[in-house]
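Please read the structure below before turning to the comments.
In my numbering, the protein residues as written are 9 to 423.
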């Protein structure tokens, strides 16, 4: 059979310096903003006395809003380039986070809180396709997985520190989490403005735009099926976020600091394990195959939650879940930008995020509703989530052969 190859290479030191600039800003962002996504459901439930179902609706609407904006911002970044969006789109976010700080400190203005929070969702969504496409701009297909891995590691260094700080701040006042987010956003803007050069010239790709991207992606059956499975994955992965937070703090009455410890472990394990996993994923298999294996690890982690949660069990859950994340997360954009034509990387990212948000939306709303219904027997809830994650893993493994046929250099068995 010969040596199994993926077509991706392990290349860290040879990456374009702009990868490191973007990755450093991801660290700043994750440090400043990571805690907001973890603790915001608690703001709704504990500060504003919002029900599980209403909280799920608020979170689900945010997911749909993010996807809708990413769809158009992906098209926009392919038309005007990356730098303008990377730098200037984030300026309003500073104001929005300051408004949230006030709305959490004085919990009498739910509408103000929602508008400001949705404002940050829009701003983040505008920038996201530009960030992901910029990595693809300055990496070859062979080095792309390495590029996304570096950026992911830097972001998780922020996740390792940010939630610990956030958990400490939450014990003093939840509002201070959002004040830190405002300061971190200022630092991110300044760094991008001073150091980040343009990575994409739309004029150089003008000859590639004769076929509209809608026709391109609709004709790509592998991309469509990959997106469909991504919708299902989004449903189950959403349970690792808001549902897990509500389960631990509201249903099990565990301390805020537990969330800080758990998500800090996630960040530290990503930093520790992502490079070894990159070596593994570039030696055999292909990224679609590794998404299937990663989804299996997600399933294994969820099944742990059928037991009475202790700190040690929750840490084990996060450790196993992070192994799955190390396989799933960096392969997403690598697969999308490999499938996409050269002039449509941002557009494909936007399309994928728009459709998979349907799964995340349903996961936020139905997941919290089901958790509420099964609040007296949450172990059954986690069995459902584990079984669904395992099925998604099998779907990705089945798709891996199709991916290998379409990209022969990624086929197992090629030497």
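Heads up, the beta-carbon is just placed ideally off N, CA and C, and yes, glycines get one too.
Apart from the five residues just before and just after residue i, which ones in its own chain have a Cβ nearer than 8 Å to its Cβ?
i: residue 27; result: 143, 146, 147, 155, 158 and 159
i: residue 218; result: In this predicted model, residue 218 has a pLDDT of only 46, less than 50, meaning its place in the structure is not dependable; the value taken from the coordinates is given anyway. Answer for residue 218: no residue qualifies.
i: residue 130; result: 73, 74 and 77
i: residue 330; result: 273, 274, 277, 278 and 281
Tell me which residues share the same chain as residue i and place their Cβ nearer than 7 Å to its Cβ, disregarding the 5 neighbours each side in the sequence.
i: residue 399; result: none
i: residue 39; result: 166, 169, 170 and 192
i: residue 337; result: 160
i: residue 162; result: 31, 32, 34 and 35
i: residue 115; result: 55 and 56
Within a Cβ cutoff of 6 Å, which residues of the same chain sit near residue i, ignoring the five residues on either side of it in sequence?
i: residue 401; result: 300, 303 and 304
i: residue 140; result: 341 and 357
i: residue 137; result: 78, 81, 82, 85, 354, 357 and 358
i: residue 332; result: 302, 305 and 306
i: residue 393; result: 244, 247 and 310
i: residue 90; result: 138, 142, 207 and 208
Would DSSP call residue i helix, strand or coil?
i: residue 196; result: helix
i: residue 362; result: helix
i: residue 22; result: coil
i: residue 217; result: Confidence in residue 217 is poor, its pLDDT being 49 and thus under 50, which makes the residue's placement too unreliable to answer from.
i: residue 409; result: helix
i: residue 49; result: helix
i: residue 247; result: helix
i: residue 382; result: coil
i: residue 146; result: coil
i: residue 415; result: coil
i: residue 132; result: helix
i: residue 56; result: coil
i: residue 39; result: helix
i: residue 292; result: coil
i: residue 155; result: helix
i: residue 117; result: coil
i: residue 348; result: coil
i: residue 204; result: coil
i: residue 303; result: helix
i: residue 333; result: helix
Between which two residues does the alpha helix (DSSP H) holding residue i run?
i: residue 85; result: 60 to 88
i: residue 228; result: Note, residue 228: premise wrong, no alpha helix (DSSP H); not H, not E.
i: residue 318; result: Here residue 318 belongs to no alpha helix (DSSP H), and DSSP marks it neither H nor E.
i: residue 287; result: 264 to 289
i: residue 103; result: 99 to 113
i: residue 208; result: Premise fails: residue 208 is in no alpha helix (DSSP H) and is neither H nor E.
i: residue 95; result: 91 to 96
TODO: Give a yes or no on contact between the segment 57 to 69 and the segment 365 to 384, applying the rule of three or more CB pairs nearer than 8 Å.
DONE: With three or more CB-CB distances shorter than 8 Å, the segment 57 to 69 counts as touching the segment 365 to 384.
Open item on the list: Does the structure place the segment 32 to 50 close enough to the segment 182 to 202 that three or more beta carbon pairs sit under 8 Å?
Closed with: Contact between the segment 182 to 202 and the segment 32 to 50 is present: 3 or more CB-CB pairs across the two stretches fall below 8 Å.
Open item on the list: Three Cβ pairs or more, each shorter than 8 Å: is that satisfied between the segment 236 to 244 and the segment 49 to 57?
Closed with: When Cβ pairs closer than 8 Å are counted between the two stretches, the segment 236 to 244 is seen not to touch the segment 49 to 57, the count staying below three.
Task: Three CB pairs or more closer than 8 Å across the segment 194 to 212 and the segment 97 to 107 - done: Output reads yes: the segment 97 to 107 touches the segment 194 to 212.
TODO: May I ask you to verify whether the segment 175 to 185 touches the segment 116 to 128, counting CB pairs closer than 8 Å and requiring at least 3?
DONE: With the rule of 3 Cβ pairs closer than 8 Å, the segment 175 to 185 does not count as touching the segment 116 to 128.
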